[in-house]
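Before any comments, here is the structure.
Numbering (the numbering used here), first residue to last: 36 to 413.
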């Protein structure tokens, strides 16, 4: 039986907290999202028919936006599902398109509700094979985080490069403090810039920066041995997109995001394509991505034949750690999710493509050694 066979869309669909209508300005829509604390906003026409979708994540990527622009000029047209479609199809569409939510419509195209990442992972504790997995089996090791004394603009830059909406914050001691959410950070930065402008006019001295610690909020945290069922419950309790995995000294050793849990819900089958996510690149050009995919494909093919398990997703993150003149030194982190477990690796080089190749070779070697160890044990 497939993992989601006993669930339907009706079990996870939620009523949208708000909707925008054709003709509304972008500034009105953004204000509505801020008031309701939401990051996705469906757009409907006068008859309630879904015509598009506004995503906070997409808006952040736009370099210039006119507040007076109409929502229909900036909205997306994402996939949508009917209420009678199987839940496995919903998960595949969301993972394949990197969606945080997907609209549910009736036969006439009228909006009925949304299936969100949060509503989907709420069923995970009821799926025994997943609920009993340890956090250490799923977490991304060596998580990227900010210090409480870092300027909040650094947190925003990291989140944008990671493609995430939240990032962990640590104290000066290295222990976990909380998390910074990108909308909280952006609001705090905007208020500070307004205050600095007023200070310049009045001649007052103003603080040069907002720190991450000043906007940090509580975050879900767990130990490596904690089961995923508990992880999901903690994320729901804290309304958190992430759960930070900590050691006995409360220092972060890993992180689990809602996207990681979504990957686990994808139904694997032989011949199914592997979803690849690439983040952190400063140059967003088709030829760069084409070259990365070209280099990844042989590894993906070999890993699919090698096992253990069927690969479902591969995440690749590029991080420019330091610079020398005009050159950047890159760290590349890779994470492969399979039906049998999660595997990570990383490597560094002045050439990002060399770092990528080495990271994938480390990943491949790690899986090969684990497979040999299991065959000897049997």
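Just so you know, even glycine gets a beta-carbon here, dropped at the ideal spot from N, CA and C. Values in this document were obtained by computation on a predicted structure and should not be read as measured data.
- [ ] Kindly indicate which three-state DSSP category residue 265 falls into: helix, strand or coil?
- [x] Residue 265 carries a helical assignment under DSSP once its states are collapsed to helix, strand and coil.
Open item on the list: Mapping the DSSP letters down to three states, classify residue 74 as helix, strand or coil.
Closed with: Residue 74 sits in coil when the DSSP states are folded into three classes, being neither helix nor strand.
Task: Within 8 Å, strictly: CB atoms of residue 314 and residue 198 - done: For residue 314 and residue 198, yes; Cβs fall inside 8 Å.
TODO: Would you check if the distance between the CB atom of residue 107 and the CB atom of residue 57 is smaller than 8 Å?
DONE: The answer is yes: Cβ separation under 8 Å.
- [ ] Just grab the DSSP bridge partners of residue 379 for me.
- [x] Paired residues: 370.
- [ ] Express the C-alpha separation of residue 275 and residue 38 in angstroms, rounding to a whole number.
- [x] Distance from the CA atom of residue 38 to the CA atom of residue 275, rounded to whole angstroms, is 24 Å.
Task: Rounded straight-line distance, which links the Cα of residue 129 to that of residue 399 - done: Their Cα atoms are separated by approximately 27 Å.
- [ ] Compute the distance between the beta-carbons of residue 175 and residue 379, then report whether it is under 8 Å.
- [x] In terms of Cβ geometry, residue 175 and residue 379 form a close pair [threshold 8 Å].
Task: Cut-off 7 Å between Cβ atoms - residues of its own chain near residue 257, not counting five sequence neighbours on either side - done: In chain order, 170, 265, 266, 269, 278 and 280 place their CB closer than 7 Å to the CB of residue 257, counting only its own chain and leaving out the 5 sequence neighbours on each side.
- [ ] Could you tell me whether the segment 181-193 touches the segment 291-299, where touching means 3 or more Cβ pairs closer than 8 Å?
- [x] Output reads no: the segment 291-299 does not touch the segment 181-193.
- [ ] Along the beta strand (DSSP E) that carries residue 151, what are the first and last residues, could you check?
- [x] It spans 146-151 - the beta strand (DSSP E) in which residue 151 sits, taken as one unbroken run.
TODO: Assuming residue 312 contacts residue 345 (C-beta within less than 8 Å), just tell me the rounded distance between them.
DONE: Not really, about 18 Å apart at Cβ, beyond 8 Å.
Open item on the list: Would residue 149 and residue 138 qualify as a contact pair, given that the criterion is a beta-carbon distance under 8 Å?
Closed with: Yes.
Open item on the list: I need the boundaries of the beta strand (DSSP E) containing residue 310, first residue and last residue.
Closed with: Annotation for residue 310: the continuous beta strand (DSSP E) segment containing it runs 310-314.
- [ ] Return the Cβ separation of residue 357 and residue 367 in integer angstroms, given the expectation that the two are a contact with Cβ distance under 8 Å.
- [x] 14 Å between Cβ atoms; not a contact.
Open item on the list: Judging by CA-CA distance, which residue of 216, 112 and 330 is the nearest neighbour of residue 90?
Closed with: Answer by Cα proximity: 112.
Open item on the list: According to DSSP, simplified to helix, strand and coil, what is residue 384?
Closed with: The DSSP-derived three-state label of residue 384 is strand.
Task: Spatial distance of residue 40 from residue 352 (CA atoms) - done: Each residue's CA atom was taken as its position, placing residue 40 and residue 352 some 33 Å apart.
Open item on the list: For residue 279, list the residues DSSP reports as bridge partners.
Closed with: Per DSSP, the beta-bridge partners of residue 279 are 256 and 290.
Task: Where the beta strand (DSSP E) containing residue 328 begins and where it ends - done: In the DSSP assignment, residue 328 falls outside any beta strand (DSSP E) and within the unbroken alpha helix (DSSP H) covering 321-341.
Task: Cα-Cα separation between residue 239 and residue 251, rounded to whole angstroms - done: Because the pLDDT at residue 239 is just 46, under 50, the model does not fix this residue reliably, and the value given afterwards should be weighed accordingly. Take the alpha-carbon of residue 239 and the one of residue 251: they are about 27 Å apart.
TODO: Could you tell me whether the Cβ atoms of residue 47 and residue 158 are closer together than 8 Å?
DONE: Contact flag set, yes.
TODO: Please list the segments of the alpha helix (DSSP H) lying wholly inside the segment 114-138, counting only runs of 4 or more residues, in order along the chain.
DONE: Restricting attention to alpha helix (DSSP H) runs no shorter than 4 residues, the segment 114-138 encloses them at 122-132, ordered along the chain.
- [ ] Could you round the C-beta distance between residue 181 and residue 202 to whole angstroms and report it? I think they count as a contact, below 8 Å.
- [x] Contact flag correct, Cβ pair sits at about 6 Å.
Task: Cβ separation of residue 402 and residue 338, assumed to be a contact under 8 Å, to the nearest whole Å - done: Between residue 402 and residue 338 a beta carbon distance of about 7 Å is seen, short of the 8 Å cut, so the two are scored as contacting.
TODO: Give the single residue among 341, 340, 124 and 369 whose Cα lies nearest to the Cα of residue 354.
DONE: The shortest C-alpha separation from residue 354 is found at 369.
TODO: Give the C-beta separation of residue 102 and residue 154 to the nearest angstrom, bearing in mind that I take them to be a contact with Cβ-Cβ under 8 Å.
DONE: That belief does not hold up - the Cβ atoms of residue 102 and residue 154 are roughly 31 Å apart, past 8 Å.
Open item on the list: In the DSSP output, which residue or residues are listed as bridge partners for residue 87?
Closed with: BP columns for residue 87 point to 78.
Open item on the list: What residue range does the alpha helix (DSSP H) around residue 250 cover?
Closed with: It spans 247-250 - the alpha helix (DSSP H) in which residue 250 sits, taken as one unbroken run.
TODO: Verify the CB distance criterion: does residue 206 have a CB-CB separation below 8 Å to chain C?
DONE: The structure shown contains no chain C; it is built from a single protein chain.
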